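Scroll down for the structure; my scribbles are underneath it.
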Amino acid sequence: MTSLAAIARTAPPPERRFIGTASPLERAAGLSRALVQDGWVFVSGTTGHDHAAGTIAEDVAQQTHQALHTIASVLAEVGAGLADVVSVRVHLSDPADAPRVAPVLNAYFGDSRPAGTIVASVLIDPQARIEIDATARLP
């Protein structure tokens with residue numbers, strides 16, 4: 676049986692590109708904000724934290740704007756945009772927030788209409804009311 680240490684030390688394929696932000700959890704957990712491979716961009720769960728400022732809004736709509744701004748910035752870094760998103764998953768700490776989040780999602784995705792799921796989830800950070808992950812196809 677292969678040890679976990681041996682598996683963990685296996686190098687990633689050379690065509691992978693890792694994108695990071697200032698999130699302390701990314702560094703602590705050994706995760707990337709996004710991973711680009713084979714023409715796809717996989718964006719990790721993104722909360723409404725403004726990592727540069729070290730703040731998070733209390734309002735779920737404002738958190739949604741910030742999360743989507745972070746996702747859009749990551750996508751722009753690799754030459755993609757929100758119109759290239761094919762799937763989005765929205766995790767809400769309170770399902771009652773869905774009606775406040777839906778118009779914000781529509782404002783950002785509009786006519787591109789990616790496949791989507793909105794679920795109630797327990798989020799790790801008690802200040803976070805929303806977390807969004809996305810998959811995009813490079814243009």
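Numbered by our numbering, the letters in the sequence shown go through residues 676 to 814 in order.
Backbone N, C-alpha and C fix where the C-beta goes; we use that ideal spot for every residue, glycine too.
The structure presented is a predicted model; accordingly, all values stated were derived computationally and were not measured.
Helix, strand or coil at residue i according to DSSP, with G and I counted as helix
i, result
"Glu690", "coil"
"Gln741", "helix"
"Gly791", "strand"
"Asp786", "helix"
"Ser748", "helix"
"Arg764", "strand"
"Val716", "strand"
"Asp808", "strand"
"Ala709", "strand"
Cβ-based burial, residue i [other Cβ within 10 Å; buried from 16]
i, result
"Asp772", "buried"
"Thr739", "buried"
"Thr745", "buried"
Straight-line gap, residue i to residue j (C-alpha atoms, nearest Å)
i, j, result
"Arg692", "Ala732", "30 Å"
"Trp715", "Leu750", "11 Å"
"Ile793", "Val765", "5 Å"
"Arg788", "Ser762", "9 Å"
"Leu813", "Val718", "12 Å"
"Asp769", "Thr722", "14 Å"
"Leu767", "Ile694", "24 Å"
Reference residue i, options the options, closest by Cα
i, options, result
"Asp725", "Leu813, Glu806, Pro814 and Arg812", "Glu806"
"Ala727", "Val765, Pro770, Thr810 and Ala742", "Ala742"
"Ala795", "Val776, Val753, His744 and Thr730", "Val776"
"Asp808", "Thr730, Pro774 and Ala747", "Ala747"
"Thr810", "Gly729, Val753 and Glu690", "Val753"
Worksheet item: Would you call the region 706–713 and the region 794–803 touching, i.e. three or more CB-CB distances under 8 Å?
Response: no
Item to complete: Check whether the region 755–763 touches the region 776–789, taking contact to mean three or more Cβ pairs, one atom from each stretch, closer than 8 Å.
Response: yes
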